[in-house]
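Undergrad: Counting in numbering that gives the first Met the number 0, the sequence shown runs from 0 upward without gaps. The C-beta atom is built at its ideal place from N, Cα and C for all residues, glycine as well. Here's a structure for you.
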Amino acid sequence: MRARRVPAAVLADIVGAEWVDPARRPYVRGGTAWVPVREGYPADADLPERESYRGRGYHRIGDVAVLRGDAPSEAELAAIVEHCRPRGVLLVKGYLGDMRIPDVEILYGNTGEVCHREQGYTFILDPARVMFAQGNRNEKARIASLVRPGERVADMFAGIGYFTIPAAAGGAQVHAMEINPIAFEYLRRNSMANHVADRVTAENGDSRILLSGTYDRILMGHFDAPSMLADALAHAHSGSVLHVHSIGDVRGAIRDATAEAGFTAMVTSRRVKKYGPHAWHMVQDVTIS
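Below, the structure is given as structure tokens:
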């Protein structure tokens with residue numbers, strides 16, 4: 000593959016250059032970077048074969064590497080820095096309270112605001128200040144494929160817009176609610192950055208209070224969602240679909256809640272990702288009748 004060889008230190012300065020192929024990742028070794036080149040522009044090297052990485056797992060959010068769980072050893076941290084050349088490495092120890100505020104430690108470099116691209120969408124955020132649900136990538140794509148143009152959608156826990164943006168891009172009118180004021184500002188910015196602000200009504204506050212009217216689809220992307228079913232069902236109609244996230248299977252509790260609200264429900268359950276040694280992050284699709 001055609002590339003240009005440049006000093007690794009100038010990578011940040013050439014990101015927007017016309018000759019850079021943004022669809023492919025540069026290869027960095029030592030102080031040298033091989034940058035993929037678009038067709039029609041000159042190149043002076045071939046992109047080297049990438050060495051397989053066998054170190055500590057991490058997620059990349061923009062130009063920041065994010066780890067979860069226990070702190071890495073010095074050798075593990077050095078391997079991550081050598082492999083992906085991040086601006087900073089951030090350890091997320093957990094998320095605190097209803098506002099899901101990250102409990103973090105900066106392990107290397109600096110972090111701050113990033114611009115993250117995922118599945119064709121742009122997300123602006125500071126991973127040290129707000130939650131980003133990167134492990135839900137397949138679920139985000141699935142929801143985007145289910146949404147139909149003209150649907151009225153409630154996103155009860157919108158965060159920075161990881162479900163709101165794909166739903167609005169699919170033609171839905173999305174009522175996006177977020178209790179954390181910092182995440183809410185990123186939600187507004189991301190709606191504009193992805194050119195869907197005209198299809199997103201964003202509100203900062205408790206979604207249980209902000210819900211209004213009825214919705215064709217209600218997104219409940221929070222592990223406390225089962226305890227808020229009564230609030231959501233008060234704004235559902237026959238044919239509404241709820242996507243209820245939880246730790247473990249809660250189909251029985253959902254059927255009880257829908258019956259108490261005067262509905263019947265068809266409930267299907269699917270695994271999103273492993274959450275712990277004996278626990279799964281689940282999502283239940285609930286079709287109301």
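A74: which of Y107, D62, E38 and K272 sits nearest, CA to CA?
TA: Comparing Cα positions, the closest option is Y107.
Undergrad: Using the Cβ count rule (16 or more neighbours within 10 Å means buried), how would you classify L95?
TA: Exposed, because fewer than 16 other Cβ atoms sit within 10 Å of the Cβ of L95.
Undergrad: Taking the alpha carbon of A229 as the reference point, which residue from G238, A252 and I246 has its own alpha carbon closest?
TA: For A229, the nearest C-alpha among the options comes from A252.
Undergrad: Excluding five sequence neighbours on each side, which residues of the same chain lie with their C-beta closer than 6 Å to the C-beta of Y120?
TA: These residues qualify, in order along the chain: I164 and N193.
Undergrad: Taking the alpha-carbon positions, what's the A22 to F262 distance?
TA: Spanning the two alpha carbons is a distance of roughly 47 Å.
Undergrad: By Cβ distance, which residues of its chain are closer than 6 Å to M155, with the 5 residues on each side in sequence left out?
TA: So the qualifying residues of the chain are M176, S206 and M219.
Undergrad: Hey, out of L232, K273, S288 and R269, whose CA is closest to V282's CA?
TA: The shortest C-alpha separation from V282 is found at R269.
Undergrad: DSSP has S288 in a bridge; who is on the other side?
TA: Answer is none; S288 lacks a bridge partner.
Undergrad: How long is the line joining the alpha carbons of H303 and V271, rounded to whole angstroms?
TA: The first residue shown for the chain is 0 and the last is 288, placing residue 303 beyond what the model contains.
Undergrad: Report the start-end ranges of each alpha helix (DSSP H) in the stretch 8-91 that is 4 residues or longer and not cut off at the edges.
TA: Counting whole runs of 4 or more residues, the stretch 8-91 contains the alpha helix (DSSP H) stretches 73-83.
Undergrad: Write down the C-beta distance between E202 and A171 rounded to the nearest angstrom, noting that I regard them as a contact closer than 8 Å.
TA: Incorrect: roughly 16 Å between the Cβ atoms, too far for contact.
Undergrad: Mind checking who V199 pairs with in its DSSP beta bridge?
TA: DSSP output for V199 lists V173 as bridge partner(s).
Undergrad: Determine the direct distance from the alpha carbon of I60 to that of A32, and round the result to whole angstroms.
TA: Answer to the nearest angstrom: the Cα atoms are 20 Å apart.
Undergrad: Helix or strand or just coil, what does DSSP make of F183?
TA: Helix.
Undergrad: Shortest alpha-carbon distance to T110 belongs to which of L90, V27, A224 and I287?
TA: Answer by Cα proximity: L90.
Undergrad: How about R1 and D45: do their beta carbons lie closer than 8 Å?
TA: Yes. Within cutoff.
Undergrad: What residues in its chain sit with their C-beta under 8 Å from that of G29, if we drop five residues either side in the sequence?
TA: A7, listed in sequence order.
Undergrad: Can the beta-carbon of L186 be found closer than 8 Å to that of A168?
TA: Contact flag unset, no.
Undergrad: Would the beta-carbon of W18 fall within 8 Å of that of Y52?
TA: Cβ atoms of W18 and Y52: not closer than 8 Å.
Undergrad: Mind checking who V5 pairs with in its DSSP beta bridge?
TA: Bridge partners of V5: A32.
Undergrad: Excluding the 5 residues preceding and the 5 following G275 in the sequence, name in chain order all residues of the same chain whose CB lies nearer than 7 Å to its CB.
TA: Answer for G275: no residue qualifies.
Undergrad: Helix, strand or coil: which one does DSSP assign to M306?
TA: The chain is shown from 0 up to 288; residue 306 falls before or after that span and cannot be answered.
Undergrad: Are T257 and L232 touching if we call contact CB-CB under 8 Å?
TA: Yes, they are a contact pair.
Undergrad: Is it the case that the Cβ atoms of Q118 and A140 are separated by a distance below 8 Å?
TA: In this structure, A140 lies closer than 8 Å to Q118 by Cβ.
Undergrad: Confirm, please, whether the CB-CB distance from I287 to S245 is below 8 Å.
TA: No, the pair does not count as a contact, with Cβ atoms beyond the cut-off.
Undergrad: Helix, strand or coil for A229, going by three-state DSSP, please let me know.
TA: Helix.
Undergrad: What is the rounded straight-line gap between the Cα of V266 and the Cα of E259?
TA: Roughly 15 Å separates the two Cα atoms.
Undergrad: So what's P101 in DSSP terms, helix, strand or just coil?
TA: Strand at P101.
Undergrad: If you draw a straight line from the alpha carbon of R67 to that of D223, how long is it in whole angstroms?
TA: Roughly 21 Å between the two C-alpha positions.
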